[in-house]
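Colleague: Whatever position you read off the sequence shown (first residue = 1), add 103 for the working numbering. The structure that follows is given in the form of structure tokens.
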Amino acid sequence: MDNFNCPIAQTRLRQISNDACDSALAAATAYNHAQTASWNDTIINSVLKALVSESQTAAAGSETRYKFCVNSTIIQHLSDPRPSGTSTASAGTSTATDTEKTAGDAAVEGEAEEELKKEVGGGENEEAASSSNKAASSGPGRRGMHSASGAYWNNAKDGMWSHKYEGGEAKGMDIVIAIMWIAA
């Protein structure tokens with residue numbers, strides 16, 4: 104970003120964001136949906152407090168010359184919901200009737216799967232659809248995410264910055280912090 108106009112240096116923004124995430128997720132070992140609101144609150148409040156404090160220090164007076172907006176997004180990595188050692192046919196809890204299929208059941212499932220392939224893929228490129236299905240069913244993976252922001256403001260004084268916190272990887276999540284500043 105050539106025209107970076109934030110009142111705080113990018114390296115310091117990265118450090119503030121990482122410190123806030125480290126603090127919020129210190130006790131976490133894995134993604135826990137019940138905790139996400141608390142984690143986000145902690146991250147956002149920590150970042151805001153640091154931004155206001157540092158921008159006041161940089162300003163000549165005691166008041167900050169900027170308004171800040173912070174967004175924190177926590178994305179859960181996909182995980183295989185099946186207990187380890189179970190096959191696709193016996194996902195979740197299983198009983199003898201769950202895992203045993205008759206030839207008729209298999210034929211009906213095969214026809215339904217072929218019909219779905221035709222509806223979704225048009226049946227034209229079965230090889231590509233097959234490899235796509237294999238990749239999707241091969242086990243745990245990552246969720247896709249695309250985020251975009253836009254604003255109508257003074258480009259010389261206002262701006263935005265985003266950062267992906269790398270420390271969430273080992274805990275099964277991605278955390279993306281977005282910071283916006285607007286000259287007061």
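Virtual Cβ for every residue (Gly too), placed ideally from N, Cα, C.
Can you tell me where the beta strand (DSSP E) holding Ala-286 begins and where it ends?
Modeller: Start and end: 276-286.
Colleague: Using the beta-carbon count (16 or more within 10 Å), is Ser-252 buried or exposed?
Modeller: Answer is exposed; the Cβ neighbour count stays below 16.
Colleague: Rounded to the nearest angstrom, what separates Gly-247 and Tyr-255 at their Cα positions?
Modeller: If you take the alpha carbons of Gly-247 and Tyr-255, they lie about 28 Å apart.
Colleague: Could you please give the first and the last residue of the uninterrupted alpha helix (DSSP H) stretch that includes Ser-120?
Modeller: Residues 113-127.
Colleague: Tell me whether His-249 sits in a helix, a strand or coil according to DSSP, three-state version.
Modeller: In the structure shown, His-249 sits in coil (DSSP, three-state: anything other than H, G, I, E or B).
Colleague: Return yes when the Cβ of Cys-172 is within less than 7 Å of the Cβ of Met-276, no when it is not.
Modeller: It is not a contact, given that the beta carbons lie outside the stated cut-off.
Colleague: Between which two residues does the beta strand (DSSP E) carrying Gln-179 extend?
Modeller: It spans 169-179 - the beta strand (DSSP E) in which Gln-179 sits, taken as one unbroken run.
Colleague: Would you say Ala-153 and Ile-177 are within 7 Å of each other, going by their C-beta atoms?
Modeller: Going by C-beta atoms, Ala-153 is not nearer than 7 Å to Ile-177.
Colleague: Asn-108 and Ala-259 look like a contact to me (Cβ under 8 Å); what is the Cβ gap, rounded to whole Å?
Modeller: Sure, about 7 Å apart at Cβ, within 8 Å.
Colleague: Can you find the residues in the same chain that come closer than 6 Å, C-beta to C-beta, to Ala-281, ignoring five residues on each side of it along the sequence?
Modeller: Only Asn-174 and Ser-265 meet the Cβ criterion.
Colleague: Report, in whole angstroms, the separation of the C-beta atoms of Ala-133 and Lys-274, which I expect to be a contact under 8 Å.
Modeller: Confirmed, Cβ separation roughly 6 Å.
Colleague: Less than 7 Å between the C-beta atoms of Val-150 and Ala-123, yes or no?
Modeller: Yes, they are a contact pair.
Colleague: Go to Trp-256, then tell me how far its beta strand (DSSP E) extends in each direction, as first and last residue.
Modeller: Run containing Trp-256: none; DSSP gives neither H nor E here.
Colleague: Which residue's Cα is closest to the Cα of Ser-250: Tyr-268, Val-279 and Asp-144?
Modeller: Of the listed residues, the one whose Cα sits closest to Ser-250 is Val-279.
Colleague: Is the beta carbon of Gln-179 closer than 7 Å to that of Thr-167?
Modeller: Cβ distance not < 7 Å, so Thr-167 and Gln-179 don't count as in contact.
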